[in-house]
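Residue numbers (UniProt numbering): 1 to 488.
Presented below is the structure to which this report refers.
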Amino acid sequence: MLPRWREKFFTIRSKLMLGFGVILFLNLLMGFALLYMFGQVNASYNRLISREVKVMNETQAALVKFEQAALDLRGYMLSGDPNYIMRYQEEMETAQKAIDQLGKSITFPEGKNYFNTLLKAVADFKVYGDGAIVLKRQSLLEADQLAGYRQIEDYLNQGKGTVERVVQAGNAIVLYMEDQLNKGKQHNNEISLQVKRWVIGGMAASVLLGLVIAVLIVNMISTPVRDLTRQAGRIAEGDLTTDKVWVKSKDELQILAKAFNKMTGNLSNILSELREKSSQVASRAQQLTAIIQQTSSGITGSTAVMHQMAATVSQVADNTQNVSRMAESAGGQAREGQTALDNIRLQMEQIIFATRQVGQAINNLNQTSRAVFQIVDLITEIAEQTNLLALNAAIEAARAGQEGMGFAVVAEEVRKLAERSAKAAGEIRVLITAVQEESGKAVSAMDKGVREVETGNRVLAQVGVVLESIIQSVQDVETQIREVAAAS
Numbered sequence: 001m002l003p004r005w006r007e008k009f010f011t012i013r014s015k016l017m018l019g020f021g022v023i024l025f026l027n028l029l030m031g032f033a034l035l036y037m038f039g040q041v042n043a044s045y046n047r048l049i050s051r052e053v054k055v056m057n058e059t060q061a062a063l064v065k066f067e068q069a070a071l072d073l074r075g076y077m078l079s080g081d082p083n084y085i086m087r088y089q090e091e092m093e094t095a096q097k098a099i100d101q102l103g104k105s106i107t108f109p110e111g112k113n114y115f116n117t118l119l120k121a122v123a124d125f126k127v128y129g130d131g132a133i134v135l136k137r138q139s140l141l142e143a144d145q146l147a148g149y150r151q152i153e154d155y156l157n158q159g160k161g162t163v164e165r166v167v168q169a170g171n172a173i174v175l176y177m178e179d180q181l182n183k184g185k186q187h188n189n190e191i192s193l194q195v196k197r198w199v200i201g202g203m204a205a206s207v208l209l210g211l212v213i214a215v216l217i218v219n220m221i222s223t224p225v226r227d228l229t230r231q232a233g234r235i236a237e238g239d240l241t242t243d244k245v246w247v248k249s250k251d252e253l254q255i256l257a258k259a260f261n262k263m264t265g266n267l268s269n270i271l272s273e274l275r276e277k278s279s280q281v282a283s284r285a286q287q288l289t290a291i292i293q294q295t296s297s298g299i300t301g302s303t304a305v306m307h308q309m310a311a312t313v314s315q316v317a318d319n320t321q322n323v324s325r326m327a328e329s330a331g332g333q334a335r336e337g338q339t340a341l342d343n344i345r346l347q348m349e350q351i352i353f354a355t356r357q358v359g360q361a362i363n364n365l366n367q368t369s370r371a372v373f374q375i376v377d378l379i380t381e382i383a384e385q386t387n388l389l390a391l392n393a394a395i396e397a398a399r400a401g402q403e404g405m406g407f408a409v410v411a412e413e414v415r416k417l418a419e420r421s422a423k424a425a426g427e428i429r430v431l432i433t434a435v436q437e438e439s440g441k442a443v444s445a446m447d448k449g450v451r452e453v454e455t456g457n458r459v460l461a462q463v464g465v466v467l468e469s470i471i472q473s474v475q476d477v478e479t480q481i482r483e484v485a486a487a488s
């Protein structure tokens, strides 16, 4: 566990999590934006089919019934056959139901204006038709048939254009809905273009940001570790005159560098003290030899010489104890360095685990993209079925002749919409494929980062071996010094 003052640093694990988190967030944001745009396009097409096309179909159906009713009315006026009256009333009732349904479908203000014009034209035609029927019935009861025909002819001339106004009002609704349909198609094209721009921009930003983060993280970890390894190798060879290792990043590597520099300084001080104390021991040994020689030359001064020798041995013991304490201090510093290395290795393992989790998240995103593929395939299949239905409708309209011309136009528009839906689904498939490829590149970059961190972990293990060797050497020196102290 790191001390409190070290917890304020921005650790390597935090930097890695932040970098990969930014990349993952950007990919998720791009994916959600793509799904949102796709939903907008799909909703727009559904609205076009459920509103514009529906209104066009209902208007065409109402006009067909109305024109059939007008033909039945004209047949009655020419022949006087009551069967025409029955068919006229049935066709008008059916046409009125179609118009009522059309009124429920038209909910927008401009469409209401066109619909009100159609209602007025139909009402005028009903008044015109009722008057014509009454006039025809009166003429059949009169004795002068020629005068009756003239009255009917005058009435028909006065109401000339009534049928055309109804047809024109209905066609105005159809033309307006066709214009709305074209505007909706143009809006969908703009959304598709916007989706392309979002995806291209998001992929470019994700790739660029991933490369920048990968380069920064690799340099941030490999450079300090390489410097520490080089300096540790020189120390292992016995060279303690190495320069200090400076790390600017405020993380575990900076803590390790400071501990390493402190350990190097302490080792240098210990060796200096050892050299100095060794010189003193050699000097005292020479003095002891001289005293022993003086002792052997005569018994008279033996007592004084023995006292002097005891003082010398006591001083040697004191010096040896000082050296022993310094050796213990050096061993403690080396063990602190070993503890710091263990903490770094633990952080490295946590970094590897976090990086693999991010890779798993990106793989999950790829799985989600495959699900979107299935949705796109479903839309493509629906578009193909719609296209087939439109072709069948066009064939049936062609069989109907002039009366099916309106249905043929609607069928053609539906077929175009189906083709456009299939094309948009194909473009979305291409974009999602590109997203999956870029996600694969991001996973490869993270795998490379994991390998670099594992390499750094192995280097730290080598440094730990070197530190253990240094600790063992210091302990050996400490043991020898204690033996000297015990012997003295």
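Glycine included, every Cβ here is placed at the ideal spot set by N, Cα and C.
- When secondary structure is reduced to three states using DSSP, I106 falls in the coil class, being assigned neither helix nor strand.
- With fewer than 16 other Cβ atoms from the protein chains shown falling within 10 Å of its own Cβ, T241 counts as exposed.
- When K416, Y84, E252 are compared, the shortest CA-CA separation from L460 is found for E252.
- Taking 8 Å as the upper bound for CB-CB distance, Q231 and V245 are in contact here, some 6 Å apart.
- In the DSSP assignment, R234 falls within the alpha helix (DSSP H) that extends over 162 to 236.
- Counting the other CB atoms within 10 Å of its CB gives G80 a total below 16, which places it among the exposed residues.
- Counting other Cβ atoms within 10 Å of its Cβ, K277 reaches 16 or more and is therefore classed as buried.
- The continuous alpha helix (DSSP H) containing S79 extends over residues 54 to 79.
- Here V55 is buried. Its C-beta has 16 or more other C-beta atoms within 10 Å.
- In terms of CA proximity to K126, E67 leads the group E52, Q280, R234, E67.
- By the neighbour-count criterion, in which 16 or more other beta carbons inside 10 Å mark a residue as buried, G111 falls on the buried side.
- Per DSSP, reduced to three states, the secondary structure at G159 is coil, with no helix or strand assignment.
- Take the alpha-carbon of G129 and the one of R74: they are about 9 Å apart.
- In the three-state scheme derived from DSSP, where H, G and I count as helix and E and B as strand, D243 is classed as coil.
- In the displayed model, S139 falls within a helix according to three-state DSSP.
- Contact check for A69 and E52: beta-carbon distance about 26 Å, past the 8 Å limit, so the pair fails to qualify.
- Nearest neighbour of A383 by Cα position, chosen from N42, F32, A398, L28, turns out to be N42.
- Closest in alpha carbon position to R356, among E454, V122, L34, is E454.
- When the beta-carbon positions are compared, V174 and Q60 come within less than 8 Å of each other.
- Per DSSP, reduced to three states, the secondary structure at K97 is helical.
- Relative to the Cα of Q151, the nearest Cα in the group K160, T162, S139 belongs to S139.
- Between the alpha carbons of D100 and F115 lies a gap of roughly 10 Å.
- Contact check for L256 and L228: beta-carbon distance about 7 Å, within the 8 Å limit, so the pair qualifies.
- One alpha carbon belongs to S473, the other to S444, and they sit about 44 Å apart.
- Sorting V212, I375, Q350, E93 by C-alpha distance to the C-alpha of N457 places Q350 at the top.
- Cβ-Cβ separation between L63 and G161: approximately 16 Å, too far for a contact (criterion under 8 Å).
- Cβ-Cβ separation between K185 and R420: approximately 7 Å, consistent with a contact (criterion under 8 Å).
- Its Cα nearest to that of L391, the residue A408 stands out among A408, A422, T380, D377.
- Exclusion of the five residues before and after M177 leaves E52, V55, M56 as the residues of its chain whose Cβ lies within less than 7 Å of its Cβ.
- For the pair V199 and M446, the CB atoms are not nearer than the 8 Å cut-off.
- DSSP, read as helix, strand or coil, puts K15 in helix.
- In this structure, DSSP gives S283 a helical state, which the three-state scheme calls helix.
- Only residues of its own chain outside the window of five on either side were considered, and among them Y155 have a CB closer than 7 Å to the CB of G131, listed in chain order.
- In summary, F20 is buried, with 16 or more beta-carbon neighbours lying within 10 Å of its beta-carbon over all protein chains present.
- Around the C-beta of L16, 16 or more other C-beta atoms lie within 10 Å, and the residue is accordingly described as buried.
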